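As structure tokens, the structure follows; a few thoughts come after it.
Protein chains: 2
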Amino acid sequence: MPRTTTDGDGTPVPERLLAAATRLFAERGYDRTSVQEIVEAAGVTKGALYHYFGSKDDLLHEVYARVLRLQQERLDAFADQDEPVEERLRGAAADVVVTTIENLDDAAIFFRSMHHLSPEKNKQVRAERRRYHERFRALIEEGQKAGVFSTETPADLVVDYHFGSVHHLSTWYRPDGPLTPQQLADQLAGLLLRALRP
Amino acid sequence: MPRTTTDGDGTPVPERLLAAATRLFAERGYDRTSVQEIVEAAGVTKGALYHYFGSKDDLLHEVYARVLRLQQERLDAFADQDEPVEERLRGAAADVVVTTIENLDDAAIFFRSMHHLSPEKNKQVRAERRRYHERFRALIEEGQKAGVFSTETPADLVVDYHFGSVHHLSTWYRPDGPLTPQQLADQLAGLLLRALRP
DNA sequence: CTCAGCAGACTAACCAGTCGGTATGGAGAC
DNA sequence: GTCTCCATACCGACTGGTTAGTCTGCTGAG
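Written as structure tokens, this is what we have:
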């Protein structure tokens, strides 16, 4: 009954909605999740959802925007460090694995639901994704020019190769597996770096 | 007006339905494709579809079954060859890239729509998928035991790493890119083999 | 008193699957 | 050779259920 935007528990309603939507989208897919289920999981009603978001599609877009922002920030932080390029690349490659595992729901949504976004939003997400991709590629090209990475494979392909696996983590990663997220990340970064040995 | 199962063009109705479904599922996703659209694209009506398939879900399962069968056969052929393990692995790793590109629609469906299958069918597909995975892993372990591949990364991880990228081909492969499918396949197989150098 | 912040009944559209019906090629009777 | 009968192949209107989004109205803080 209070008017405050944070009733029930402490978190504001829009965030509760986003969290509920993220979980449900990852669990049963975008189309299989009804708006009704989302609002029930968030402990509100449709009125609240359409008060904060323009559409179901908007909600999905917000999920994408959040994860894109986060990943770009982290990549930039690693790329801007003052270390040899191998170590910057290794750090960035491993970090994206760890943060992906920490947000497996986001990852599952990301690669399964892009085509559910409206065309313009899809385009927007692709553009941001490309920025991320380019930054990563620049790291590899830097290493190639410096002679510390093999030039046998175009940097583009290497990036796609690595991120293909990262995006697929949500399919094959098991939290009860033998490796901690950090160990797994180090292994995958190791594979990438070894593939790049001259 | 003939009773034959192949009217209109030459292909039998069930195959026409499967082809139409494959294309549409890849294009707009399983849930966004109505049964009505499928039958219209195949030039028949619902009666025909439900005559040959038990459900929409069944249709999806058939798509999976077909591609799984094909890929397993091809992998087996490469693995059974009488060549050094590096070359068998290279051949298999490149071949799966080429056949994936040749059936990009199947690949897009594969990794986006697994969770739309009914639980038992999902289990069945996973089991077949695991067989494929194991065969591939066995190749890598063979090379590791023989000392021609590095043992730094568990074979399991290497397989997931490679197939993550392959499954993602449908996201980033562009037919108008600079590389032919075979060249791209050789590059990716090269990356895999280089990552496995001792 | 007013308006952000929500509640929840309502609507218009859609959709998977059903079911009674039609046409046709062939198997067997004669 | 032809007539009967039936299984196969398919048609398409219909049903029961679901869903995104709308809209009117309530409530309490400032």
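Chain order of the listed sequences is A and B.
Taking my numbering, the leading residue of the first sequence gets 1362, the next gets one more, and so forth.
Taking my numbering, the leading residue of the second sequence gets 1362, the next gets one more, and so forth.
Each residue gets a CB set at the ideal place from its N, CA and C atoms; glycine is no exception.
Remember, it's a predicted structure, so these values are computed and weren't measured experimentally.
Inset, instruction - Answer with yes or no whether the minimum CB distance from VAL1397 of chain B to chain A is below 8 Å. - result: Rather than Val, the amino acid found at residue 1397 of chain B in this sequence is Gln. No, GLN1397 of chain B lies away from the interface with chain A (no Cβ there is under 8 Å from its Cβ).
Legend entry - Min CB distance VAL1458 of chain B to chain A below 8 Å: no
Legend entry - Inter-residue spacing [alpha-carbon to alpha-carbon] between TYR1586 of chain A and GLU1503 of chain A: Beyond the ends of chain A as shown, which are 1362 and 1559, falls residue 1586 of chain A; an answer cannot be given.
Inset, instruction - For PRO1542 of chain A, count neighbouring C-beta atoms within 10 Å of its own C-beta (all shown protein chains included) and say buried if the count is 16 or more, exposed if not. - result: buried
Inset, instruction - Using the Cα positions of GLY1390 of chain B and ARG1487 of chain A, report the straight-line distance between them to the nearest angstrom. - result: 18 Å
Legend entry - Positions along the segment 1409 to 1432 of chain B whose CB lies within less than 9 Å of some CB in chain A: none
Inset, instruction - Taking ASP1521 of chain B as the query, report the chain A residues whose CB atoms sit under 8 Å from its CB, ordered along the chain. - result: In chain order, SER1526, HIS1529, TRP1533 make up the part of chain A whose C-beta sits under 8 Å from the C-beta of ASP1521 of chain B.
Inset, instruction - Keeping to the same chain, check which residues put their C-beta closer than 6 Å to that of ASP1419 of chain B; ignore five residues upstream and five downstream. - result: none
Inset, instruction - Spell out whether any CB of chain A is found under 8 Å from the CB atom of LEU1319 of chain B. - result: Residue 1319 of chain B cannot be examined here, being either before or after the span of chain B that is shown, 1362 to 1559.
Legend entry - Through-space distance from GLU1448 of chain A to LYS1484 of chain B, alpha-carbon basis: 41 Å
Legend entry - Span of the alpha helix (DSSP H) around HIS1477 of chain B: Counting along the chain, HIS1477 of chain B falls outside any alpha helix (DSSP H), and DSSP gives it neither H nor E.
Legend entry - C-beta atoms of ILE1399 of chain B and ALA1381 of chain B nearer than 8 Å: yes
Legend entry - 3-residue-minimum beta strand (DSSP E) runs that sit fully inside the segment 1518 to 1552 of chain A, ordered along the chain: none
Legend entry - Exposed unless 16 or more other CB atoms sit within 10 angstroms - verdict on GLY1408 of chain A: exposed
Inset, instruction - Output yes or no for whether 8 Å exceeds the beta carbon distance between VAL1458 of chain B and VAL1519 of chain B. - result: Taking 8 Å as the cut-off, the beta carbon of VAL1458 of chain B is found no closer than this to the beta carbon of VAL1519 of chain B.
Inset, instruction - Just the chain B side, please: which residues come within less than 9 Å of ARG1393 of chain A by C-beta, in chain order? - result: ASP1392, HIS1476, HIS1477, listed in chain order.
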